[in-house]
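What follows is a set of notes on a single structure, which appears directly below.
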Amino acid sequence: GIQVEQSPPDLILQEGANSTLRCNFSDSVNNLQWFHQNPWGQLINLFYIPSGTKQNGRLSATTVATERYSLLYISSSQTTDSGVYFCAGGAGGSYIPTFGRGTSLIVHP
Amino acid sequence: DAGVIQSPRHEVTEMGQEVTLRCKPISGHDYLFWYRQTMMRGLELLIYFNNNVPIDDSGMPEDRFSAKMPNASFSTLKIQPSEPRDSAVYFCASSFGQGGEKLFFGSGTQLSVL
């Protein structure tokens, strides 16, 4: 199956800083999605972004499916952005999401 | 819609006991997924259903695990007998259509097998 690599594995920021999280896939990906797992364990879908760029407030995401990567941008980070960010996608004939190991983000006040 | 609803939120049981986890997907969603999250293995897909029919259960770790979806609004994941290594957070998720819609997760069930 598809392999999903996320980087960096850990990130510590000061409130107000910007960051970029990366997701690499072993194959051309479809159905790519980004999730945020908050400190209470809840998984929230941030973006469904099989290709192109989307923005939602301080967050934006870009996927270049043919080059097998996606980026999540967080601008002006806040303490509530802390948690783990996962990307997931399917490849080939499968749209069933396979998850990366996540990027753990801590934003200090 | 109330979102994907899972119960119980927490389950503590002793080794050898039967455990049943429950899930109600978002109304109208035709795909239902069961994932397990551990520190060692991350989020791994156990099984998924399409229109109540199990499509791929290759992620189910062993015969002690079984899942059913008797109707469009209810699914169960059963572990019998449970073992300490089954301790994990079990998530249910649903989506509409296979290729074009977001995946929505329930709040998960934290399972501890003593």
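These protein sequence lines map, in sequence, to chains G and H. Heads up: the first sequence begins at 1 in our numbering, then just goes up one per residue. Heads up: the second sequence begins at 1 in our numbering, then just goes up one per residue. Glycine included, each C-beta is placed from N, C-alpha and C at the ideal position.
As assigned by DSSP and simplified to three states, the class of residue i
i	result
Asp-10 of chain G	strand
Arg-85 of chain H	helix
Ala-67 of chain H	strand
Asp-27 of chain G	coil
Glu-67 of chain G	helix
Asp-81 of chain G	helix
Lys-54 of chain G	strand
Ser-76 of chain G	coil
Ile-26 of chain H	coil
Lys-102 of chain H	coil
Ile-55 of chain H	strand
Glu-44 of chain H	strand
Ala-61 of chain G	strand
Asn-45 of chain G	strand
Neighbouring residues, chain H, relative to residue i (Cβ below 9 Å)
i	result
Asn-45 of chain G	Lys-102, Leu-103, Phe-104, Phe-105
Gln-110 of chain G	Residue 110 of chain G cannot be examined here, being either before or after the span of chain G that is shown, 1 to 109.
Ile-96 of chain G	Tyr-31, Phe-33, Leu-45, Tyr-48, Ile-55, Asp-56, Gln-98
Tyr-48 of chain G	Gly-100, Glu-101, Lys-102, Leu-103
Per-residue contacts from residue i into chain G (C-beta, under 8 Å)
i	result
Phe-91 of chain H	Leu-43
Gly-119 of chain H	Shown here, chain H extends from 1 to 114; a query on residue 119 of chain H therefore has no answer.
Residue i and residue j closer than 7 Å at C-beta
i	j	result
Tyr-73 of chain G	Thr-20 of chain G	yes
Val-84 of chain G	Leu-13 of chain G	no
Ser-94 of chain H	Val-4 of chain H	yes
Phe-104 of chain H	Ile-55 of chain H	no
Leu-105 of chain G	Ser-82 of chain G	yes
Thr-63 of chain G	Ile-44 of chain G	no
Ser-51 of chain G	Ala-65 of chain G	yes
Asn-30 of chain G	Gly-90 of chain G	yes
Ser-87 of chain H	Ser-112 of chain H	yes
Contact test: residue i Cβ vs the ligand FMN heavy atom, cutoff 6 Å
i	result
Leu-11 of chain G	This structure does not include the ligand FMN; it has no bound ligands of any sort.
Chain G contact residues for residue i, given Cβ-Cβ distances below 9 Å
i	result
Leu-46 of chain H	Simply none; closest approach about 12 Å.
Beta-carbon proximity list for residue i, same chain, < 6 Å, skipping 5 on both sides
i	result
Asn-51 of chain H	Asp-30
Closer than 7 Å at the beta carbon, the chain H residues around residue i
i	result
Tyr-85 of chain G	Chain H residues near Tyr-85 of chain G: none, gap ~12 Å exceeds 7 Å.
Pro-9 of chain G	Going along chain H, no residue has its Cβ under 7 Å from Pro-9 of chain G, so there is no contact; the nearest lies around 11 Å.
8 Å Cβ shell around residue i - same chain, five flanking residues per side excluded
i	result
Pro-39 of chain G	Ser-82, Gly-83
Thr-79 of chain G	Glu-15, Val-107, His-108, Pro-109
Spatial neighbours of residue i in its chain, beta-carbon cut-off 7 Å, leaving aside the 5 residues before and after
i	result
Arg-58 of chain G	Ile-74, Ser-75, Ser-76
Gly-59 of chain H	Glu-44, Leu-45, Leu-46, Ile-47
Gly-102 of chain G	Gln-6, Val-84, Tyr-85, Phe-86
Gly-108 of chain H	Gln-6, Val-89, Tyr-90, Phe-91
Three or more C-beta pairs under 8 Å: does that hold for the segment 32 to 42 of chain H against the segment 10 to 18 of chain H?
no
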